[in-house]
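Counting with our numbering, you get residues 41 to 274 for the letters of the sequence shown.
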Amino acid sequence: MNIFIIGATHGNEILGVKVYEQLLRTCSPLLEQVTFILGNPRAYAQRKRYTEKDLNRSYGSIDQTYESRRAQYIVNRIEQERPDIVIDMHTTTATQPSCLIVSNLRGKAKKVFLRASHISYVMKVRSLADICSAATNVVGYEVSESSITTELIDEIIHDLQRYVDGHSYSSNKLLYTMCDKILRSEVSSLDIQHLKNFEMSHLGYVPVMVGEDSYQELTDYIGFKASKEKHITV
């Protein structure tokens, strides 16, 4: 069983690094089955989101930015390693429950991992030139920065261990499907103040990853629109 973990796809997001550090600190047997890489080492060294271009919007790109070259390197590593599952670990400044991100619910490996995880929120997204567009067996973590504790790190490691052991935490999940971006131009400051992540809004959609500092001024959007939750069994 080979688990390919990508940490610091965005250089200021430390979840993946902390998980791997804990595996090393405890000499976890999982290390034999984990391949870990820093997604964006240059941005990680500078503690910034990216240096030239968002790495998670650079897969399939033909430009010569550092992040586009790095995306191709990651794709090549995945093709060489041929892992059973690719885990891409992210954090968000938004206040919201932890969620798992997938491009679809097809594939045994993804379903087994979703069942193994303690996280009940699942977000299905469409491709945005991210890692999900480069590999089919990808599950992403999206965790609020404020919730990163030793306990959460241990829970994620338990997810990995259950996956390896073929054990389930729960097959019942809440599925949200991404509909579109929430553009800055279409919401007022007052609207933003009243949006609560993973709760149906007065605007007719469920906001996800929306916060005061979400995406800062780097994009024309502040988060994502999702459909009402659907109870599923994976």
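For glycine and all other residues, C-beta sits at the position ideal for the given N, C-alpha and C. The model shown is predicted, which means the values in this text are computed figures rather than measured ones.
So if DSSP puts Phe264 in a beta bridge, which residue, or which two residues, is it bridged to? Sequence index remark: in the sequence shown, residue 264 carries index 224 (1-based). BP columns for Phe264 point to Lys221 and Val248.
Should Pro69 be labelled buried (16 or more other beta-carbon atoms within 10 Å of its own) or exposed? By one-based count along the sequence shown, residue 69 stands at place 29. Per the 10 Å Cβ criterion, exposed.
Could you tell me whether the Cβ atoms of Val91 and Tyr106 are closer together than 8 Å? Within the sequence shown, numbered from 1, the residue matching residue 91 stands at position 51. Within the sequence shown, numbered from 1, the residue matching residue 106 stands at position 66. Per the sequence presented here, residue 91 reads as Thr, with Val not at that position. Yes, the pair counts as a contact, with Cβ atoms nearer than the cut-off.
Any idea if Asp276 is buried or exposed, counting beta-carbon neighbours within 10 angstroms, 16 or more meaning buried? A query on residue 276 cannot be resolved here, the shown segment of the chain reaching from 41 to 274 and no further.
Taking Ser143 as the reference, give the member of Thr135, Ser173 and Leu154 with the closest Cα. Here the question's residue 143 lines up with position 103 in the sequence shown. Taking only the C-alpha atoms, the option nearest Ser143 is Ser173.
Which runs of the alpha helix (DSSP H) spanning at least 4 residues fall entirely within the region 67 to 123, listed in chain order? 81 to 86 and 106 to 121
Quick one: what's got a C-beta closer than 7 Å to Tyr245's C-beta in the same chain, skipping five residues either side? As a position in the sequence shown, residue 245 is number 205, starting the count at 1. Once the five neighbours on either side are set aside, the close Cβ partners of Tyr245 are Cys219, Lys265 and Ala266.
Using C-beta distances below 6 Å, list every residue in its chain close to Ser138, excluding the 5 sequence neighbours before and after it, in chain order. The sequence position of residue 138 within the sequence shown is 98, counting from 1. Taken in chain order, the residues that qualify are Ile159 and Val183.
Ile171 and Lys58 closer than 8 Å at C-beta: Position 131 of the sequence shown holds residue 171. Position 18 of the sequence shown holds residue 58. Not a contact, by the Cβ cut-off of 8 Å.
Assuming Val126 contacts Asn52 under a Cβ cut-off of 8 Å, what Cβ separation, rounded to an integer in Å, is found between them? The residue labelled residue 126 in the question sits at position 86 within the sequence shown. The residue labelled residue 52 in the question sits at position 12 within the sequence shown. So it is not a contact: roughly 21 Å between Cβ atoms.
The beta strand (DSSP E) that contains Glu182, what's its start and end? Translated into positions along the sequence shown, residue 182 becomes position 142. Glu182 -> beta strand (DSSP E) spans Val178 to Ser184.
Where does His234 sit, in a helix, a strand or coil, going by DSSP? As a position in the sequence shown, residue 234 is number 194, starting the count at 1. Here His234 sits in helix by DSSP.
When you measure from the CB of Ile262 to every non-hydrogen atom of the ligand ZN, does any distance come out below 7 Å? Within the structure as shown, the ligand ZN is missing, as the structure has no ligands at all.
Do Glu121 and Asn42 have their beta-carbon atoms positioned less than 8 Å apart in this structure? Locating residue 42 in the sequence shown gives position 2, where the first residue counts as 1. Locating residue 121 in the sequence shown gives position 81, where the first residue counts as 1. For Asn42 and Glu121, yes; Cβs fall inside 8 Å.
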